[in-house]
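J.:
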Amino acid sequence: MEQTNGFYDFCIPYNKDDKVLRGLLNELVELGYKTIAIEQSFDHSKKEPGKRGSEMFPEPHNIENIRQEFANKLKILQRITILYVDVNVSHAMGVSLNLRKFNLIAGQPKTEAALTHCCTSFNGDIITFDPTAGSRLLVQRKPYLIAVRRGMYFEIKYSPAIADSNNRKDMIKVAQNYCTKGKSRNIIFSSGALHEFQLRGPYDVANLSYIFGLSENQGKNAIDRFCRQLFLRAESRRLGKTIMFVKGNGPIVFSDSSDENQSDHDVPDEMDALVKETTSEEEPERECSQANKRLKVA
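Just so you know, we're using this note's numbering here: the sequence shown kicks off at -14 and counts up by one.
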């Protein structure tokens, strides 16, 4: 299993311009991030008719050169965000081979029915929303709790709030809805930054918890602990059932409880034998003493 370290940023949109993408990654390194995910979007609602049973999801972008360049600085994952409007996306995801090549799968519903499906049945890891589309989609309490029980995480992107004040109001409304319906459980913070000037340090991002209705611990976990748990869940989804072999380096000592019980029972037997020997030795001495007393009396 791949190893990751905090802090995390699971939403760095892919940019064809390598200069811009490298600038984002260098800024992330300077800010103290260790694990990031490059996002690739796919709109399932614009699929062509007649491709229900074929492969419709794209392959991940080739970023091996970037991974090698930042090998000792960043752990770079690949993520796909699926925009969809109906439940037909489940069948397409079930037969897709390209989805298995992504480390993370996020769902971005466009309708209320899709939002309910994303919380209850979507075979992914992250539930996100479009900050530029307003706050017209608000999750209900029951789907929210089902998503938490399934191990799904809700994503809040902070870069759109920096770029536009209207987006900031909508994001605060959505975050407050998460607080009201589910006490802000399973929330992670991501940047979604298109430019390096939209990035912020991990501790600055954690302080956004007061604006979005989260506690201090929830704000810290949103960029560290919860992201680690999200990664482990995604790996278990990708790998499925696995077998682990544990090999010990030192000597192995086997103990049998029956020997211990037997040794415990042997101790009283030895004590009883010693008592019998001492009593048998004391009896002749007592007889001799009594005989001497009789001679003196005579």
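For each residue, glycine too, the CB sits at the ideal point set by N, CA and C. Just so we're clear, the structure is a prediction, and the values are computed from it rather than from any experiment.
Return the first residue and the last residue of the beta strand (DSSP E) that residue 26 is part of.
T.: 20 to 28
J.: Going by C-alpha to C-alpha distance, which of 71, 42, 208 sits closest to residue 86?
T.: Among 71, 42, 208, the Cα nearest to that of residue 86 belongs to 42.
J.: By DSSP's criteria, residue 175 is part of a beta bridge. Which residues make up the other side?
T.: 142
J.: Tell me the DSSP secondary structure of residue -12 in three-state form.
T.: Coil, per DSSP.
J.: On the premise that residue 204 lies in contact with residue 191, defined as a C-beta separation below 8 Å, what is that separation, rounded to the nearest angstrom?
T.: 4 Å
J.: The ligand MN and residue 27: does the residue's C-beta get closer than 7 Å to at least one heavy atom of that ligand?
T.: As presented, the structure is devoid of all ligands, the ligand MN included, so that no description of it is given.
J.: Just reading off the alpha helix (DSSP H) that residue 155 is part of, what are its end residues?
T.: Secondary structure note for residue 155: its alpha helix (DSSP H) is the uninterrupted segment 150 to 167.
J.: Use the C-beta contact count for residue 195: other C-beta atoms within 10 angstroms, 16 or more gives buried, fewer gives exposed.
T.: exposed
J.: Does the beta-carbon distance from residue 208 to residue 182 come in below 8 Å?
T.: no
J.: Quick one: what does DSSP say residue 117 is sitting in, helix, strand or coil?
T.: helix
J.: What's the call for residue 142, buried or exposed, on a 16-neighbour Cβ count within 10 Å?
T.: buried
J.: To which residues of the same chain is residue 4 closer than 6 Å at the C-beta, ignoring the five residues directly before and after it?
T.: none
J.: Classify residue 206: buried if its beta carbon has 16 or more other beta carbons within 10 angstroms, exposed otherwise.
T.: So residue 206 counts as buried.
J.: Which residue's Cα is closest to the Cα of residue 14: 28, 97, 82, -6?
T.: -6
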